[in-house]
Amino acid sequence: MVLEHALLSVVPGREAEFEDAFARARAVIASMPGFEGLTLSRCLERPGTYLLLVTWRSLEDHTVGFRGSDGYQEWRRLLHHFYEPFPVVEHYEQVLTA
Numbered sequence: 002m003v004l005e006h007a008l009l010s011v012v013p014g015r016e017a018e019f020e021d022a023f024a025r026a027r028a029v030i031a032s033m034p035g036f037e038g039l040t041l042s043r044c045l046e047r048p049g050t051y052l053l054l055v056t057w058r059s060l061e062d063h064t065v066g067f068r069g070s071d072g073y074q075e076w077r078r079l080l081h082h083f084y085e086p087f088p089v090v091e092h093y094e095q096v097l098t099a
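Under the working numbering, the first residue of the sequence shown carries the number 2, and numbering increases by one thereafter.
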């Protein structure tokens with residue numbers, strides 16, 4: 002299992018529009034092979050900042066499968082214009098749990 006992490010900085014004043022677009026984009030990513038789930042959380046101290054966590058079966062399911070798909074083009078169309086600056090996406094593997 003791989004956890005994708007991205008801090009999303011949304012253009013001020015467009016948070017509600019972003020959340021609506023993300024609700025539509027969720028169906029796109031959920032249909033991808035290797036997708037196992039996601040959470041989108043809004044920062045309480047900085048309401049224009051969101052934390053996106055996506056669980057993938059493997060790194061390649063995200064970096065090759067999803068990003069190389071037609072679905073990713075739809076994801077980009079729906080979401081990428083909301084970000085300023087564009088987010089850094091990182092991948093993690095679990096080491097410990099409690």
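Think of the CB as a built atom: it goes at the ideal place given N, C-alpha and C, for glycine as much as any other residue.
Inset, instruction - Please name the residue, chosen from Leu52, Asp71, Cys44 and Gly14, that lies closest to Met33 on a Cα-to-Cα basis. - result: Here the question's residue 33 lines up with position 32 in the sequence shown. The shortest C-alpha separation from Met33 is found at Asp71.
Inset, instruction - Measuring alpha carbon to alpha carbon, tell me which of Ile30, Ala31 and Glu16 ends up nearest Ser42. - result: Counting from 1 along the sequence shown, the entry for residue 42 is found at position 41. Considering only alpha carbons, the answer is Glu16.
Inset, instruction - Would you kindly work out how many angstroms separate the C-alpha atoms of Tyr84 and Ser10, rounded to a whole number? - result: By 1-based counting over the sequence shown, the position of residue 84 is 83. By 1-based counting over the sequence shown, the position of residue 10 is 9. Each residue's Cα considered, the two are about 5 Å apart.
Legend entry - Among Thr64, Arg25 and Val12, the one whose alpha carbon lies nearest that of Pro48: In the sequence shown, counting from the first residue as 1, residue 48 sits at position 47. Sorting Thr64, Arg25 and Val12 by C-alpha distance to the C-alpha of Pro48 places Val12 at the top.
Legend entry - Where Phe87 falls, given that 16 or more other Cβ within 10 Å makes a residue buried: One-based indexing of the sequence shown puts residue 87 at position 86. Exposed, because fewer than 16 other Cβ atoms sit within 10 Å of the Cβ of Phe87.
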